[in-house]
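First to last, the protein sequences are chains A and B. Note that the working numbering numbers the first sequence so that position 128 is 128, with each residue one more than the last. Plus 249 on top of the position in the second sequence (first one is 1) and you've got the working numbering. Ideal Cβ positions, reconstructed from N, Cα and C, are used throughout, including at glycine. Predicted, not measured: the structure shown is a model, and the values here were computed from it. A short write-up of the structure that comes next.
There are 2 protein chains.
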Amino acid sequence: MGLREPVILPHLQDCGSCTIRHRAVCARCDSDELARLEQMKYYRSFEAGQTVIWSGDRMDFVASVVSGIATLSQTMEDGRRQMVGLLLPSDFVGRPGRSTAAYDVTATTDLLMCCFRKKPFEELILSTPHISQRLLEMTLDELDAAREWMLLLGRKTAREKIASLLAIIARRDVSLNPRKSGPIVFDLPLTREEMADYLGLTLETVSRQVSALKRDGVISLEGKRHVTVNDFDRLLEVAGDDSDGGYPV
Amino acid sequence: MGLREPVILPHLQDCGSCTIRHRAVCARCDSDELARLEQMKYYRSFEAGQTVIWSGDRMDFVASVVSGIATLSQTMEDGRRQMVGLLLPSDFVGRPGRSTAAYDVTATTDLLMCCFRKKPFEELILSTPHISQRLLEMTLDELDAAREWMLLLGRKTAREKIASLLAIIARRDVSLNPRKSGPIVFDLPLTREEMADYLGLTLETVSRQVSALKRDGVISLEGKRHVTVNDFDRLLEVAGDDSDGGYPV
DNA sequence: GCCCTGCCTTGATGCAGATCAAATGGGAAC
DNA sequence: GTTCCCATTTGATCTGCATCAAGGCAGGGC
Numbered sequence: 001m002g003l004r005e006p007v008i009l010p011h012l013q014d015c016g017s018c019t020i021r022h023r024a025v026c027a028r029c030d031s032d033e034l035a036r037l038e039q040m041k042y043y044r045s046f047e048a049g050q051t052v053i054w055s056g057d058r059m060d061f062v063a064s065v066v067s068g069i070a071t072l073s074q075t076m077e078d079g080r081r082q083m084v085g086l087l088l089p090s091d092f093v094g095r096p097g098r099s100t101a102a103y104d105v106t107a108t109t110d111l112l113m114c115c116f117r118k119k120p121f122e123e124l125i126l127s128t129p130h131i132s133q134r135l136l137e138m139t140l141d142e143l144d145a146a147r148e149w150m151l152l153l154g155r156k157t158a159r160e161k162i163a164s165l166l167a168i169i170a171r172r173d174v175s176l177n178p179r180k181s182g183p184i185v186f187d188l189p190l191t192r193e194e195m196a197d198y199l200g201l202t203l204e205t206v207s208r209q210v211s212a213l214k215r216d217g218v219i220s221l222e223g224k225r226h227v228t229v230n231d232f233d234r235l236l237e238v239a240g241d242d243s244d245g246g247y248p249v
Numbered sequence: 250m251g252l253r254e255p256v257i258l259p260h261l262q263d264c265g266s267c268t269i270r271h272r273a274v275c276a277r278c279d280s281d282e283l284a285r286l287e288q289m290k291y292y293r294s295f296e297a298g299q300t301v302i303w304s305g306d307r308m309d310f311v312a313s314v315v316s317g318i319a320t321l322s323q324t325m326e327d328g329r330r331q332m333v334g335l336l337l338p339s340d341f342v343g344r345p346g347r348s349t350a351a352y353d354v355t356a357t358t359d360l361l362m363c364c365f366r367k368k369p370f371e372e373l374i375l376s377t378p379h380i381s382q383r384l385l386e387m388t389l390d391e392l393d394a395a396r397e398w399m400l401l402l403g404r405k406t407a408r409e410k411i412a413s414l415l416a417i418i419a420r421r422d423v424s425l426n427p428r429k430s431g432p433i434v435f436d437l438p439l440t441r442e443e444m445a446d447y448l449g450l451t452l453e454t455v456s457r458q459v460s461a462l463k464r465d466g467v468i469s470l471e472g473k474r475h476v477t478v479n480d481f482d483r484l485l486e487v488a489g490d491d492s493d494g495g496y497p498v
């Protein structure tokens, strides 16, 4: 036993996930294990708006996002909805040891996922410690993100919430496409309603606060989705974040 | 290699944690590993109200709660506070691979913790796969709890929030001290202000809504802390929970 | 007994954000 | 081009909770 040479799993090479944000199932495995993982993987694609799985449905796979964006959400009987997670490329979904989905998973954009049937994946975990160590690391990151979000949902004003969301998207965008300097520019991957469901607001309030940030010169808008962050520090300030306290996703 | 006989770790026998809610670091280890864990453990106790560690402080240990209750919270510069977690006996705190605390940890009641220095614990994890598998399971539970709480913070009314909190405490109480039937009775382990910080409310609103639930006959109060849940189903209904959708802590 | 201190309740008022409603604008189909 | 469809914006009003402000009450020290 002992540690082996670090190897990038083949599905990650194929998918390009591991390089993106170092969050995928990137373990140190021997070639047998690599081969087993490789054999059990398969792809599923979804169109924007499609539901991947409903909360409570039988879920016999785990998966990582290859491209596109998916959301995790919960809905109350009367229709109130709260998004509880955003799945970006390389993010993992599904829980070893649980047979039904705990949340609605929805494709926000066109989505490609790399799936593994749950049973053999669980067996692989048992015999391959690095995978569960990697999964633990990822899950702890998600937990931090969820707790950061609890502060936002429980204590921030609408204006702060919007600024926080924009800051997160901007920060992620910068880390994906590093720029030397100048304003950060990106397209919002979410509708106003999706933003509202994420932030615990109504879509009208989201719209108003986005307009207010624009009016105040913190951001500029071209159309409804194309955002320019004129001054990132100012945005962080409005967000009420501790200086530079990075949101860990 | 392969699986070994299941063994309860000695610190868990000592602490009684593992039996309480099956959430401690209860792995299948061989006797060498048991001995190593046993050697590195030590205890720390705190009085009610004391701070265990501040967010940002160096944290060179991980720990599990033996007895008492601790809270995890985040605070904004201007003093707004949000509790992001409740640590009950057998809950684990600390993160392998991170050197500073991410949250304020505070003893709500008198508290006894069973600690392990982080460095040797991390080494043990590397060589003992069952531990990280167990930690993964626990972390996934915590993540589910955090997401459940996001729905509460983002979308529930004050009345629903209070009922949800009472339902969680009542449910935990029942699982600790199973009763044949009749009303559920317990003492609130939190002040009104702590409840408010957990629920994203003010203490005045908490007080008013508790009084309202009492007035409506959903609960009875004796003094300020001693609660009787007259009708648990009614409480769940007020909480807006899907019928019996258990909060996974 | 006294007072003091912490925790809690209750009341009055104000406001941020929800709700209800209507108008605008841009893209796709034709 | 025109029309339709939706996402979005904007306006008017309402309301749940925060805020500000007084008490009430139980426990501990003296």
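heavy atom of the ligand ADP below 7 Å from T71(A) C-beta
The ligand ADP is not part of the structure shown, which contains no ligands of any sort.
Ordered list of alpha helix (DSSP H) runs contained in the region 137-215 of chain A, each at least 4 residues
Taking only runs of at least 4 residues, the alpha helix (DSSP H) segments lying wholly in the region 137-215 of chain A are 158-176, 192-199, 203-215.
Length of the line joining the Cα atoms of M325(B) and E486(B)
Rounded to whole angstroms, M325(B) to E486(B) spans 33 Å at the Cα level.
Please go through the region 319-380 of chain B and give each complete beta strand (DSSP E) segment of 3 or more residues, from N-terminal end onward.
Taking only runs of at least 3 residues, the beta strand (DSSP E) segments lying wholly in the region 319-380 of chain B are 319-324, 330-336, 353-356, 360-366.
If you measure from the beta carbon of G85(A) to each beta carbon in chain B, is any gap under 8 Å?
Interface residue, yes.
To the nearest angstrom, how far is it from the Cα of I508(B) to the Cα of G472(B)?
Nothing about residue 508(B) can be reported from this structure: the residues present for chain B run from 250 to 498 only.
Taking just the CA atoms, how far does K405(B) sit from I380(B)?
Distance between the alpha carbons of I380(B) and K405(B) is about 37 Å.
Between the region 205-220 of chain A and chain B, which residues of the former have CB atoms less than 8 Å from a CB of the latter, in chain order?
Within the region 205-220 of chain A, not one residue has a Cβ closer than 8 Å to any Cβ of chain B.
Contacts that P378(B) makes with chain A (C-beta to C-beta distance below 7 Å)
The answer, in chain order, is P129, S132.
Count the C-beta pairs between the region 367-384 of chain B and the region 393-409 of chain B that are closer than 8 Å, then say yes if the count reaches three, no if not.
The region 367-384 of chain B is not in contact with the region 393-409 of chain B.
In the structure shown, what three-state DSSP assignment does G486(B) receive?
Sequence inspection shows Glu at residue 486(B); the Gly mentioned does not correspond to that position. Three-state result, E486(B): helix.
Once the 5 residues before and after A250(A) are set aside, which same chain residues still bring their CB inside 6 Å of it?
Since the first and last residues shown for chain A are 1 and 249, residue 250(A) lies out of range.
Straight-line CA distance for R329(B) to M40(A)?
R329(B) and M40(A) have their C-alpha atoms some 48 Å from each other.
Does the beta carbon of Q39(A) come closer than 8 Å to any beta carbon on chain B?
No - not a single Cβ of chain B is within 8 Å of the one on Q39(A).
The beta strand (DSSP E) spanning A48(A) covers which residue range?
Per DSSP, A48(A) lies in no beta strand (DSSP E) segment and is marked neither H nor E.
CB T300(B) to CB T358(B), shorter than 8 Å?
Pairing T300(B) with T358(B) gives a Cβ-Cβ distance that is not under 8 Å.
For D144(A), would you say it is in contact with chain B, using Cβ-to-Cβ distances shorter than 8 Å as the test?
So, interface residue.
Output needed for E296(B): all residues of its chain with C-beta closer than 7 Å, excluding positions within five of it in sequence on either side, in chain order.
So the qualifying residues of the chain are A356, D359.
Taking all protein chains shown into account, decide if K118(A) is buried (16 or more other Cβ within 10 angstroms of its Cβ) or exposed.
Residue environment analysis places K118(A) among the buried positions, since at least 16 neighbouring C-beta atoms fall within 10 angstroms of its C-beta.
Rounded C-beta distance between V311(B) and F365(B)? I'm assuming under 8 Å.
Approximately 5 Å separates the beta-carbon atoms of V311(B) and F365(B); this is inside 8 Å, confirming the contact.
Going by DSSP in three states, R307(B) sits in which element: helix, strand or coil?
Looking at R307(B) - three-state DSSP - the assignment turns out to be strand.
Opposite V315(B) in the DSSP bridges: which residues?
According to DSSP, V315(B) bridges with nothing at all.
Give the straight-line distance between the Cα atoms of N230(A) and K214(A), rounded to the nearest whole angstrom.
Take the alpha-carbon of N230(A) and the one of K214(A): they are about 10 Å apart.
Since V206(A) and I219(A) should fall inside the 8 Å C-beta cutoff, what is the C-beta to C-beta distance between them, to a whole number of angstroms?
In this structure, V206(A) and I219(A) do not form a Cβ contact; the two beta carbons are roughly 13 Å apart against a cut-off of 8 Å.
Reference P338(B); option with closest CA among R344(B), A319(B), D327(B)
Closest option to P338(B), Cα to Cα, is A319(B).
Indicate the three-state DSSP secondary structure (helix, strand or coil) for A27(A) in the structure shown.
Caution is warranted here: a pLDDT of 40 is assigned to A27(A), below 50, making its placement in the model unreliable, and no coordinate value can be reported.
Name the DSSP beta bridge partners of E222(A), please?
For E222(A), the pairing in a beta bridge is given by DSSP as H226(A).
With a Cβ-Cβ cutoff of 8 Å, do R159(A) and Q209(A) count as a contact?
Yes, they are a contact pair.
Any chain A beta carbon closer than 8 Å to T355(B):
False, the Cβ-Cβ gap to chain A never drops below 8 Å.
Which word fits G343(B), buried or exposed, when buried means at least 16 other C-beta atoms lie within 10 angstroms of its C-beta?
With 16 or more other Cβ atoms within 10 Å, it is buried.
I think D446(B) touches S322(B), with their Cβ atoms under 8 Å apart; what is that distance to the nearest whole Å?
With 8 Å as the limit, D446(B) and S322(B) qualify as a contact, their Cβ atoms being about 6 Å apart.
By alpha-carbon positions, which one of S348(B), E442(B), L484(B) ends up nearest to G298(B)?
The residue with the shortest Cα to Cα distance from G298(B) is E442(B).
Figure out for me which residue from I162(A), V84(A), A167(A) has the closest Cα to the Cα of S211(A).
Taking only the C-alpha atoms, the option nearest S211(A) is I162(A).
Leaving out five residues before and five after G68(A) in sequence, what residues of the same chain have Cβ atoms less than 7 Å from its Cβ?
Excluding five sequence positions before and after G68(A), the CB atoms of its chain that fall closer than 7 Å to its own CB belong to A107, T109, D110, L111, L112, given in chain order.
Check the Cβ of G489(B) against every Cβ in chain A and list those closer than 7 Å, keeping chain order.
Close to G489(B), with beta-carbon spacing below 7 Å, are these residues of chain A in chain order: M76.
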